[in-house]
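Some notes on the structure that comes next.
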Amino acid sequence: MSAVEVWRSFPHDPREPAHAALRASDADRDLVLGVLSRAYGEGRLDRDEHDERASAVTTARTLGDLPVLIADLVPATEPTQSLRRQAEEAWVERRRTSVIGFLAPNIICWAIYLAVSLGAGSYGFPWPLVVTAVTTVAAMRSLTGREEFLRAEVRRLEKQQARELKKRRRGPGMLGPGRG
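So that you can map any letter, position 180 of the sequence shown is 449 in my numbering, and since no number is skipped, the others follow by simple counting.
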């Protein structure tokens, strides 16, 4: 059974933060026990480790307790829909930041230009056009290429998730190689 099939077998994905606090059912525990049994049968777990994890599964109360027990057997990657949703939220934030990054310097520069020009009684070279041109190019670069941005952001989130998974596998208090 592939990782995707394992996670899809759950009525509520235990990796989703919204589902982590839900009580685990016997069927949920049986799914995890099945993964452990297959791993034991394939030689990826020894008898003691299988028994230890199986015991932890039977006493697991919430769905959030289950993924960590099979994290090194089945990739605990976040569901693609969730990563896509996060990437889309990042896109919205990027658009908002780009608009502010365009408007703020332009409003300030044009206000200064108009105040100085009106005070002097003459209009010189409209230097805020330079600021407008630069900020327009920057805004257009960040507001186009939505799908490319989303793909890159999903890849970045997947890599970040893999790093966090490695960190969790090391466990609390473990410093890693060469750190103590």
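Cβ atoms here follow ideal geometry from the backbone N, Cα and C, with glycine treated the same way.
Here the structure is a predicted model, which is why all the values come from computation and not from measurement.
| Asked | Found |
| --- | --- |
| Exposed unless 16 or more other CB atoms sit within 10 angstroms - verdict on residue 431 | exposed |
| Residue 279 burial status per 10 Å Cβ neighbour count (16 or more: buried) | buried |
| Distance between beta carbons of residue 373 and residue 331, contact taken as under 8 angstroms | Not really, about 46 angstroms apart at Cβ, beyond 8 angstroms. |
| Secondary structure, alpha helix (DSSP H): runs of 4+ residues fully inside the region 309-388 | 316-328 |
| Start-to-end residues for the alpha helix (DSSP H) that takes in residue 411 | 397-412 |
| Unbroken alpha helix (DSSP H) run spanning residue 293, endpoints | Careful: residue 293 lies outside any alpha helix (DSSP H) and carries neither H nor E. |
| Simplified DSSP state of residue 394, which is helix, strand or coil | coil |
| Separation of residue 411 from residue 363, as counted between CA atoms | 7 angstroms |
| Distance CB(residue 427)-CB(residue 352) smaller than 8 angstroms | yes |
| Contact the region 353-360 vs the region 418-425: 3+ CB pairs below 8 angstroms | yes |
| Backbone CA spacing between residue 303 and residue 282 [nearest angstrom] | 16 angstroms |
| Cβ separation of residue 342 and residue 313, assumed to be a contact under 8 angstroms, to the nearest whole Å | 6 angstroms |
| Beta-carbon gap between residue 323 and residue 305 smaller than 8 angstroms | yes |
| Unbroken alpha helix (DSSP H) run spanning residue 288, endpoints | 286-289 |
| Straight-line Cα distance separating residue 392 from residue 401 | 17 angstroms |
| Residue of 422, 335, 299, 326 minimising C-alpha distance to residue 286 | 335 |
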